[in-house]
Structures are given as structure tokens and as C-alpha cells.
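Here is the structure we will look at, set down as C-alpha cells.
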Amino acid sequence: ATPSGGYHLIYRCESQIDRNLKLAESKAGHTWIETRGEGGYFLTTPSPGYTTIKHDLKDTPVITERERELLLTLARSLSGQPNKTITDNATRSGEGSRPGDAFNMRHTHDIPEMLESNGWINTERISAGGQHWTRPGKQIGTSGTLKNGCLYVFSTNTDIPPGPHDAFGIYTYLMHGGDFAAAGRALAAKGYGENSSATDFSNVHREDEDWPDPLAIGAELPNVEPITREMIPEPFRDWVMDAADRMQIPVDFIIAPLLVVCGSTVGTSCRIRPKQKDDWSVVPNLWGGIVGPPSMLKTPALTEAVNKTLGRLEVAAREEHEEAINDYEADAMLRAAKEKAIKADIEKTAKDQRQGRMTSKSLDELAEEYKKLKAYEVPTERRYKTNDSSIEKIVELLEQNPRGLLYFRDELIGLFKRTERAGNEQDRAFLLESWNGDGSHTDDRIGRGTVRTDNLCISLLGGIQPDKIAGYLHGAISDSDNDGFVQRLQLMVYPDPVGNWCYQDKTPDIESRNRGYAIIEHLASMEVQGSDIFEKPYLRFSLEGQEVFKQWLSWLETNKLTNRDEHPVILEHLAKYRSLMPSLALVFHLIEVAGNGAAAQPGPVSKNAALMAAAWCQYLESHARRIYSLALDIGQAGAARLSEKIKTGKLGMRFTRPEVVRKKWGMLTRKHLVQESIDCLVEMNWLRETMPSSGDNQGGRPAAISYLVNPKIFSEGTESNAPKPPKLV
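Here is the structure:
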């Protein structure tokens, strides 16, 4: 360790070490990593301020020439200068170039072509680690990253072993099975190496004043599976399809929230035990949401699925409650008179018994009558949802509504931010605990006393914009503050817009809609009987349905959850599908039972319900991947958004990061997100970083780094292709 906080990595090498090299620089041009070779020197222990961390000069490790090349290649991949590529050939000067050095000098920029010709797939995704590539035999996932002439391989299932590789290393493994001697001989035979015309390095890429061609900015979302007509429960099918068609919105925007509503109305009244003998129970409590820009009519869709369904139940419950309150208050005087009379009877009976006289009623009988009279509680209103409430009030509502509640927010981001504020940590923990649907909660306050609920079950539903959830997810993942809140939003969907929009003006299908309303009302009043008074009601799968669940769970555990190529946040999300599939199966089954108008107790969960639930899990996984891609590829998505603003002239030809932050554009509201987006555009040749000159700082705050815009981005496609509005007559 050095006095300035740096490090010296000292080694011996079996080959000659030439001149000093700069391997990695910061964006500002400051040296991060460099070597000392022939003619160079460095200080070390026992010089003042230097300390030894490992080994000693007398036992300095010895590495091979190839190991040194890989070490230098890896160091170069860390450079913050994306437009400056220094290949292994820079380690040589004069006429004594080796074939591998010459190959690197000529072909470092041909690495993408080398990989593609050997079956590697360019994912078009770029992050801070470089360009993402997928190995042969796979269609998705990241097997390696390419940056600054260094391919860093992660996968063990490829001809190129894990670790950093330069162009010569890639060529050697792909064409010569890793035999570097054979690769060197083959290249020498082709004219690469010492005193060969192949060592003419005049065309080596260098950074100069000419702008390179800007690369295409790709920010396409992963594909999602569409909702098919068969995936909508038959009793809801015509209603949902009609409503979506009239509003010209994705069917997903109605059916996904509707299933959350159904799970909420069932709540804790019925569970499912997914295994035939095990007592593992799942409450069909669902969290979900719809993701889309402001123009996609999220609010009307949620109104159709939530406000119009639960709203009807709430109106009926409110009227029933008002009638019960009127009866309660009307009987209040009578109860007061009875209470007074019973107190008098108790005093008289006690006196008569002391004097040995006979009484018509015993003291115990009178005490029982008094208890029944005092037990006459104030009627409570049946509640189905709340839009905003304190945790203390929710506990009180849950005590009065043991089935559970739906927490409905038109904009979920408001709830997310509220639970993250200092002092609201307990609110967030409370909501997380309520997801399972089978917990309990006791609230003790001096003024309000003790309020307890034995059925802590809260469903969650709302809408959110893509850039809002992207920023939220990115913060949770990058700040290591991922507590699983978003993973619980299992029914969150982000569908494509309606492809061929057409004007619609037709009468709603009242019959199918009323049928849907009746089914939800049936679910809200359905009472499933338990096997005994001490056990909470539950259903199991039928024998055929059990086999479907067994095969599905085995596939999830052995194929999905063991995939090491997946991002941890995706695995955490898929792990919660263990309870999602049986929850959906129970909801689908009860919808079918209610649709048949059956008044008897529902039987085992059917095979059809299990198959539909499995199909939904596959569908929801595709939407989850799209949503998480907003955060995992947020630099690319932000770069796409920033590139749009640049092309429309919103920032001029030179700008700084603070200028972008102040604009508060979607996905570009936080400093680190803006910087990631700018860095991506620098790598894609859209921008060039310029350091402030000494004259820019007049003794105050240091001037910010500015970015020049590549004028070539305006050379094509600047004319607007936007359709002109029709002429109205």
C-alpha cells in the first residue's frame, strides 16, 4: 500500500518487460492503473509510508507471459475512457512484434465479428460492464461482456474459458482449442509478427478530433406473452373483452386487477393446501398493478375492475350499516330501561336471599341477562377496500373485517415513497407482513387501548408509470435495500399498447357485466366450512389437479430456481410463485363455482383451475422480466430517453449533468441515473466529455464537466415523420 492510498502489485515474469504502460484512465484522463517496465522505477517498503500487505520482495510471485497478458487485458477493461482502446500491441515498440501482438493491433475492433461468426449473440444490451453477449446454444442471458477490447467470460459452457481475453486469446480458443503456440505459428505463417508487412499499424484506432459515427441506441423492451381468451375465467370473459374493446386498452389492464379483487373478497375465508397430506396452507391474497404511460387509460381500467365492482358492494354494505345503526339507536332507550331494571332486580334479589326469602330468578340468571344486554355492540360496517389509512386504523378495520381488505391506490408510487420516508419503517414492515394473509397484529396505545387482529390480510393494487417503477426498482437493487416489496406484486403487468386502435362507440354488454358483478358478490358472501371449529377453512386439489401442481412445482424448483445465470432479483420473484400458483388456482376454482350458482360447499380445486393457474404463472413471468428490465437496463433506457431530448434540441450542443437533472424528465431525475445514461451515450459515440478549463472556475464551486453533442446525429432523420392531423369538416 502506498502513502496516497494506492497499491503496488509486484511480480516477476518469465519474459522481458518493456517500457512503462498506462492501462486504465478515469474519464477525466487521470491514470488509474499503469505498469513499470524497462527504465521505470517505483518505491516500496521500507520507504516511509509504504506497507506490505502480502509476500515480500524476496519471495515475489512469478507469472507466465500469458498470465501477464491476461492481467493487463483485465486492467484495460476497467478504463473509464470508452473511446480509447489500448491493445496488447502497445506493449511493444520497434520491429520486434510477436504474432499475437500484431493480431491484437489489427483485430481488436473485429472482436464482435469474430464472436458472431462463431455463434455468439450480441444482446444489444450495454451496461457499465460493457456490451453483453450470449454464448452459443443459448438465446437469453449474459455469458460475457465486451469492453475496451476485453471479453470477460462468465459462463463455463463455452470454448472460451471464464476470465478476461484479448483478441488473440479469443482467436486462440476459437480456432486452435487454446493452443497458443499453434495459434502463434499459424499467424506467423500468415505474415503476422516480426518485420512483416502485417505489422503496419497505421490503421490502429486512435482518439482524434473527428467524430465517429454514432451507434444506434436500442432500448426495446423484452417481449411479453399476450392474454388469450381462454386465460380469462369463463364467467368474466365476455364482460372483460367487451370493456377492453370499448376503451381500446389491453385486456390485461382489466383482468389482472379483477383477479386481485377476487382474491381480496375471498381473503381469509378459504385457504388452499397445495399438497395432498401436508398442512402447508396458502391464503389467496394477491398483490398486483398495471404499468403503463399516462396515455394508456390506467385509471379507467382500474375503475372498471375495482370501483365498479367493490363500489357496488360498498354501497350495499353502507345502506345495511345505516339501517343497523338506526335500529341500534332506536333500541338504545329500551336497552337503557332494561339495564336499569336488571340492576334493580339484582339488588332486590340479593337482599331477599340474605333475608331467606324466595326469588323468581337467581343472581346468576340476572347477571347473565345483564351480560347479554351489555354485549349488544355498535354495528360495524363491512369494508372491502381503503385508499389511504394509517396502520392503526387498518388494524381496527381488520378487527371488524376478518376476511381482509384491499389497499387500492390509483398511483402506487405514492405509497412506495411514503413507506420509505424516515419514521414510516413500521408501516412498510406491516404491509410486508400482511402479504401472507395468515398473520396477526396487536396495536397497543395509551389512548386507544389494545386493538388486535388475528387475520392480518391486505391485498394491494394500483397503477404506476414505467419510469417511476424503473427508478424505484433501480434504487432498491443498487442500494442493496431490496426487501422483497416489489416481488410481492406478482400480478403486476406491463402489456403492449393496443396494436390497431380503432374508434369504438357501442352499448356496454350489460348482461355479461351484471353476471360478473353477481359472481364477485357471491365470492364476498361465500362461507366455506372447516373440518372442525378450531381449524380455518381450506380446500385441496382434486387428484388430477394435484398431479398438475406436483409437475409444475417440480419444474419450477429444478429448472427456474436453480438457474445461476439469472439475476438474483428475478430468482427472488420467481421463488414467490410457489404460493402464487395455488392461490390463482383457488381463485379460478371459486369463480367457477360461483358462476355455476352453486349454493353447496365447493369441492376440491379442479384440474382446469390448476392448468389455468400454471398458464398464468408463465404469462406473469414474462411481464415480470419486462418490468425488472427497466431497472436492470436502466442506463440503456435512460440513454434512449436522453437521446430523444438531445435530437429534439432540448439541451443544445453542449450541456452538463446538472442541467439534465433539473429538467426532471422521466428516468432522468436522479444524479446517478443521469450519469449512467450520459456514460452510455458517450460509449455509443453520441457525446464527448470535455473537462472545464481553468478559466471556467472563478474561485467558487468547481465547474461541472460538460458534454459535447456529436453533430452527426442530426445528419439523417431530422425531418419529422409525425402524421399530420386530419382536416375536420
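Residue numbering for the sequence shown follows the numbering used here, beginning at 904 and increasing consecutively. Idealized CB from N, CA, C, for every residue including glycine.
Where residue 1483 falls, given that 16 or more other Cβ within 10 Å makes a residue buried: buried
Inter-residue spacing [alpha-carbon to alpha-carbon] between residue 1311 and residue 1290: Cα-Cα distance, rounded: 5 angstroms.
Cβ pair count under 8 angstroms reaching 3, the segment 1481-1495 against the segment 1505-1516: yes
For residue 1616, the three-state DSSP class (helix, strand or coil): helix
Short Cβ contact (8 angstroms threshold) for residue 1143 with residue 1161: yes
Neighbour-count burial assignment, residue 956, 16 or more Cβ in a 10 Å radius: exposed
Rounded straight-line distance, which links the Cα of residue 1417 to that of residue 1210: 14 angstroms
Same chain only: Cβ atoms within 8 angstroms of residue 1426, ignoring 5 sequence neighbours per side: 1165, 1168, 1169, 1493, 1494, 1497
Limits of the beta strand (DSSP E) - the one that residue 1028 falls within: 1024-1030
Contacts around residue 1147, its chain only, beta-carbon distance under 6 angstroms, and the 5 residues preceding and following it disregarded: Excluding residues within five positions, the ones whose Cβ falls inside 6 angstroms are 1154, 1157.
CA nearest to the CA of residue 1428, picked from 1376, 1360, 1504, 1452: Among 1376, 1360, 1504, 1452, the Cα nearest to that of residue 1428 belongs to 1504.
Whole-Å CB distance - residue 1176 paired with residue 1182, under 8 angstroms assumed: 7 angstroms
Reduced DSSP secondary structure (H/G/I, E/B, other) of residue 1420: Helix, per DSSP.
Residues of its chain near residue 1014, where Cβ-Cβ distance is below 8 angstroms and the 5 sequence neighbours each way are ignored: 1049, 1052, 1054, 1070, 1073
Spatial neighbours of residue 1525 in its chain, beta-carbon cut-off 8 angstroms, leaving aside the 5 residues before and after: 1125, 1126, 1127, 1128
Endpoints, beta strand (DSSP E) assigned at residue 1034: From DSSP, the beta strand (DSSP E) with residue 1034 extends over 1033-1037.
Which of helix, strand or coil DSSP assigns to residue 1439: The DSSP-derived three-state label of residue 1439 is coil.
Cβ-based burial, residue 1332 [other Cβ within 10 Å; buried from 16]: exposed
Residue 1065 and residue 1059 closer than 8 angstroms at C-beta: yes
Element boundaries [alpha helix (DSSP H), containing residue 1078]: 1070-1079
Helix, strand or coil at residue 1356 [DSSP, three-state]: strand
Simplified DSSP assignment, three categories, for residue 1057: coil
Pair within 8 angstroms by beta-carbon distance, residue 950 and residue 1538: no
Nearest-angstrom Cα separation, counted from residue 1516 out to residue 1469: 23 angstroms
Cα-Cα separation, residue 1033 to residue 1091: 31 angstroms
Backbone CA spacing between residue 1112 and residue 1588 [nearest angstrom]: Caution is warranted here: a pLDDT of 44 is assigned to residue 1112, below 50, making its placement in the model unreliable, and the coordinate value is therefore given only provisionally. Between the alpha carbons of residue 1112 and residue 1588 lies a gap of roughly 13 angstroms.
DSSP bridge partner residues for residue 934 (one or two, in chain order): 928
Contact under 8 angstroms by Cβ, residue 1172 with residue 1563: no
Per DSSP, the bridge partner or partners of residue 1314: Per DSSP, 1366.
Coarse secondary structure for residue 1592, derived from DSSP in three states: strand
Reduced DSSP category for residue 1610 - H, G, I as helix; E, B as strand; rest coil: strand
Bridge partner(s) assigned by DSSP for residue 1067: When DSSP reads this structure, residue 1067 sits in a beta bridge with 1055.
Residue 958 burial status per 10 Å Cβ neighbour count (16 or more: buried): A residue is called buried once 16 or more other Cβ atoms fall within 10 Å of its Cβ, and residue 958, having fewer, is exposed.
Per-residue burial, residue 1008 [other beta carbons within 10 Å of its own, 16 or more giving buried]: buried
Cut-off 7 angstroms between Cβ atoms - residues of its own chain near residue 1199, not counting five sequence neighbours on either side: So the qualifying residues of the chain are 1152, 1400.
Those residues which DSSP pairs with residue 1116 across a bridge: None; residue 1116 has no bridge partner.
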